[in-house]
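As they're listed, the protein sequences go chains A and B. So the first sequence is residues 1 to 403, counted in the working numbering. So the second sequence is residues 1001 to 1403, counted in the working numbering.
Protein chains: 2
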Amino acid sequence: MTRYRTLSPPDLRVYLGAHDALGARLGGPHEGWAVREVSDGNLNHVFIVEGPAGAVCCKQSLPHVRVDPDWKMPLTRTDFEARYMRRVAPHVGHLMPALLHFDPDLHLIVMESLHHHHVLRGMLGEATALAGFSARIGEYVAQTAFFTSWRGRPFEQSMADCAAFAGNTTLTRITVDLVLTDPYRAACARNHWMTPELDATVAELQTDAALHASVSHWQERFLGAPQALLHGDLHTGSIMLHGDDVRVIDGEFALMGPIGFDAGLYVGNLLLHAAARRDHATWMADEIETFWRSFTHEYRALWETNPTSGDVGALLDAAGRHQAQAQELAMVMRDLAGFAGMEMIRRTIGYAQVSDYALCSDRTGEKEARLRALTLGRMLITRGRRIETINALLETIEEPGGF
Amino acid sequence: MTRYRTLSPPDLRVYLGAHDALGARLGGPHEGWAVREVSDGNLNHVFIVEGPAGAVCCKQSLPHVRVDPDWKMPLTRTDFEARYMRRVAPHVGHLMPALLHFDPDLHLIVMESLHHHHVLRGMLGEATALAGFSARIGEYVAQTAFFTSWRGRPFEQSMADCAAFAGNTTLTRITVDLVLTDPYRAACARNHWMTPELDATVAELQTDAALHASVSHWQERFLGAPQALLHGDLHTGSIMLHGDDVRVIDGEFALMGPIGFDAGLYVGNLLLHAAARRDHATWMADEIETFWRSFTHEYRALWETNPTSGDVGALLDAAGRHQAQAQELAMVMRDLAGFAGMEMIRRTIGYAQVSDYALCSDRTGEKEARLRALTLGRMLITRGRRIETINALLETIEEPGGF
Ligand SMILES: Nc1ncnc2c1ncn2[C@@H]1O[C@H](COP(=O)(O)OP(=O)(O)OP(=O)(O)O)[C@@H](O)[C@H]1O
Ligand SMILES: Nc1ncnc2c1ncn2[C@@H]1O[C@H](COP(=O)(O)OP(=O)(O)OP(=O)(O)O)[C@@H](O)[C@H]1O
């Protein structure tokens, strides 16, 4: 018999009160704790619980998609999130909320509350995010990727993660369908778009065989190139900021995959914001450059400091290592470009779109923003395999036909 | 408490007699059955049991390497072999012995006995193998690879194999060390070679930084490109022939990896034979060409017949599919070339060498054969990334500097 039940606020108080370490963190009797629901994602229940001494954040899986009770979904998604947090925390503990407790029966995560932080996506809209936050995300991707890669650790450890996260098929299926396939299928009822304004462009995306050949390449990269343990959903809604304190949340999509997938989703979301807010385009380009410089700097540095931690590349001397670094970073950039493009398309005409478009002043502005995103997204998908440097990426972004 | 014990011939008779279906296959009372040990590999016990009605072949893991009792090894290796046989039998049942029974406690496989067959490696030496056997191996690789690839089935099924075979770390560690790393390490005591004849060449292989950069690339391909479920050890000692009946045995190294690894080990072993037996060089080149034509023909045909069985590539139309096929086959050829080269080196100076060299008429002949293999192996390793067609491969093989 499973102990699972969806916890109501009173249940949650009792549960936390019964766990000494959690109760102590909140302080005083549990009856007095304030419970506030903050769920704004699609999938799970999230509550902030506050007591006189402090606060915690509780995230629990529901047996269905939160915003669509008819879409049934296994409860194990928070299990993968907790496992991901445990795996990467040793390397990026300062860039995530601390995991305080995980209950595998209730599928409940209790973590450090970031109640002074705000979600990056919202802060971009209000222009309250402190410029340069992308340096931290570059570090985050470098550290999580390097230490979970074939060169960062003995292959047996990576195989253990391959095995563990290969089980995360429910959420991986969402990525395979919603990100990598559905938007290009006319018959898919989950797509929706501004009509009639985008009709012609969408019809083109769904019938262009050359585009589909490139999409097919990115599908294969996503599934067939497990370079490192990925966050799997690193968009601007999975990042919280408070001043220069940057945290990554919501790792439930974690799987072994190409490093450029995490990087590409992140960059794709900065570009989506730039599409909606033209006055932020230069800022977003700067963030992309900052992200890449920080990521590459850190990734090279980790590799230099740990030249023989893994099986792959253990034979290389310094020159061989530098050459391998250049090749690997070019590969990450190619993947970044392609997946950024895929993200831009799916967030503009697919099932789960970005709220950035609500920032547009009127319908014409929104139409133009969405068309910009679709044009650039398509360019990145088809040309990505030839984009190997940050300059090539920035030039593509700034191209007249593009942005 | 585990029921495991190493079975002696009398134990084996009793065990088989207690299983109705197996006993019936052998016929008569178990006391009369003949048990013959045929182990000639490095790792396991293999027995043929014959009764009046028929025969079976029994393979059991030992708690150590058969030929080196000090090298302890987990018993689960036959578990992976049985799992591999079950997975691929629906596609290549006619090319493997039938799996009759698996006992997970005894780590015992009971399979169809191929007592009329002989191991290909030996038949090459005696020139008794019927030319053209490689067509069957081409089919074998095409069918096992396609149906276990991301385009041959829904990704959830591939993830299940990723998870299951990620556990095969003991044997994968052998590949990572013995095939992909040790031969290039001067400090590795498991290497051995004809000395002093090969000393200078071996020293070069172990200090050439450019070579090590290429080796590092193949290491990464092996671990980081799980395209399909591989046999993992597809050499001429893992293939048995009887007339034109060809069977693949010994899948205990199975893992998800690049298709070109299976293909490359096979081709590498044909080339090792050609190095030892110059009078068989044209024959071996023909077998390589036959293998490749059969593999590519069959792989394309399966893809054409099953264009949307998997998630990857499901959007492609016929033209896109043909283009993707050409790209994928070029990738398999690159990997084939590189891994063939790695196999040639390791089987000449590494821990487990090939018996083909015993076919050389004298020490000078053997020295020349081994040097030929080392020269060609090195060329394939460093140039493999540019070898994309069968003609490019055959030209490299026939180059004066090479062969
Ligand atoms: N540790 C935390 N501290 C404070 N607030 C948090 C914390 N974690 C999440 N939140 C809030 O809860 C919201 C939902 O969290 P999260 O994105 O993890 O949920 P989700 O349902 O998995 O979302 P998605 O559908 O995007 O996957 C966040 O947008 C954020 O506002
Ligand atoms: N089904 C079979 N029928 C008849 N003989 C067989 C059969 N399977 C294996 N053999 C014989 O047993 C020998 C050893 O089998 P196999 O190669 O599977 O063992 P192994 O110990 O795993 O070898 P390796 O060290 O190469 O991995 C084969 O070379 C072959 O001669």
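Idealized CB from N, CA, C, for every residue including glycine.
For PHE253 of chain A, the three-state secondary structure derived from DSSP is coil. Taking every protein chain shown into account, the CB of LYS1059 of chain B has 16 or more other CB atoms within 10 angstroms, so this residue is buried. HIS30 of chain A and PHE47 of chain A have their C-alpha atoms roughly 15 Å apart.
Going by C-alpha positions, LEU1120 of chain B is about 6 Å away from GLY1237 of chain B. Using a C-beta cut-off of 8 Å, the stretch 1076-1084 of chain B makes no contact with the stretch 1184-1201 of chain B, since fewer than three inter-stretch Cβ pairs fall below that distance. Below the 8 Å Cβ cutoff, chain B contributes ALA1166, GLY1167, THR1169 and THR1172 as neighbours of MET159 of chain A, in chain order. Contact between LEU12 of chain A and VAL35 of chain A holds, since their C-beta atoms are separated by about 6 Å, short of 8 Å. Taking ALA1228 of chain B as reference, the option from B:ASP1208, B:ALA1275 and B:ARG1153 with the minimal CA-CA separation is B:ARG1153. By the CB criterion at 8 Å, VAL141 of chain A and ALA274 of chain A fall outside the cutoff. Not one heavy atom of ligand 1 lies closer than 7 Å to the C-beta of ILE381 of chain A. Among the residues facing chain B, SER113 of chain A is not included, as its CB has no counterpart in that chain under 8 Å away.
Put simply, the CB of ALA1324 of chain B is near chain A, with a gap under 8 Å to one of its CB atoms.
Set against 7 Å, the gap from the CB of ILE1174 of chain B to the closest heavy atom of ligand 2 is not smaller.
In this structure, DSSP gives VAL49 of chain A an extended state, which the three-state scheme calls strand. Neighbourhood of GLY320 of chain A in chain B, by CB distance below 9 Å: ALA1209, ALA1210, HIS1212, ALA1213 and SER1216, in chain order. Exclusion of MET1123 of chain B from the 7 Å shell around ligand 2 follows from its C-beta lying no nearer than that to any non-hydrogen atom of the ligand. In chain order, the residues with a C-beta atom nearer than 7 Å to some heavy atom of ligand 2 are B:VAL1038, B:SER1039, B:ASP1040, B:GLY1041, B:ASN1042, B:LEU1043, B:ASN1044, B:VAL1046, B:ILE1048, B:CYS1057, B:LYS1059, B:ARG1066, B:PRO1097, B:MET1111, B:GLU1112, B:SER1113, B:LEU1114, B:HIS1115, B:HIS1117, B:VAL1119, B:ASP1233, B:GLY1237, B:SER1238, B:MET1240, B:ILE1249, B:ASP1250 and B:GLU1252. If you draw a straight line from the Cα of LEU393 of chain A to the Cα of ILE387 of chain A, it comes to about 6 Å.
Within the stretch 302-320 of chain A, the residues whose Cβ lies closer than 8 Å to some Cβ of chain B are ASP311, VAL312, GLY313, ALA314, LEU315, LEU316, ASP317, ALA319 and GLY320, listed in chain order. Looking only at B:ASP1208, B:GLN1325, B:ARG1363 and B:GLY1268, the smallest Cα-Cα distance to LEU315 of chain A is reached by B:ASP1208.
For PHE1155 of chain B, the enclosing alpha helix (DSSP H) has its first and last residue at 1155-1165. Nearest CB-CB separation between PHE291 of chain A and chain B: not below the 8 Å threshold.
When C-beta atoms of the stretch 87-98 of chain A are compared with those of the stretch 323-332 of chain A, fewer than three pairs fall below 8 Å, so the two segments do not count as touching. For TRP292 of chain A, the three-state secondary structure derived from DSSP is helix.
Of all residues in the stretch 1171-1202 of chain B, only THR1172, ARG1173, VAL1176, ASP1177, LEU1180, THR1181, TYR1184 and ARG1185 place a beta-carbon less than 9 Å from a beta-carbon of chain A. At a cut-off of 8 Å between C-beta atoms, TRP1150 of chain B counts as an interface residue with respect to chain A. For PRO226 of chain A, a Cβ of chain B is located within less than 8 Å of the residue's own Cβ.
With contacts defined as CB atoms closer than 8 Å, GLY313 of chain A and ARG151 of chain A qualify as a contacting pair.
As the crow flies, the alpha-carbon of CYS1360 of chain B is around 41 Å from that of PRO1052 of chain B. In this chain, the beta strand (DSSP E) harbouring ARG1036 of chain B covers 1034-1037.
For the options B:ALA1024, B:SER1039, B:ASP1040 and B:GLU1050, the alpha carbon positioned closest to that of PRO1010 of chain B is the one of B:GLU1050. If you look at MET1111 of chain B, you'll find it in the beta strand (DSSP E) that goes 1108-1112. In chain order, HIS64 and VAL65 place their CB closer than 8 Å to the CB of TRP71 of chain A, counting only its own chain and leaving out the 5 sequence neighbours on each side. The beta carbon of ILE381 of chain A is closer than 8 Å to those of LEU211, SER214, VAL215, TRP218, GLY338, GLY341, MET342 and ILE345 in its chain, skipping five residues each way along the sequence. Closest in alpha carbon position to GLY260 of chain A, among A:GLU156, A:GLY251 and A:HIS231, is A:HIS231.
Comparing C-alpha distances from ARG1385 of chain B to each of B:ARG1185, B:ASP1356 and B:ARG1221 shows the shortest one belongs to B:ARG1221.
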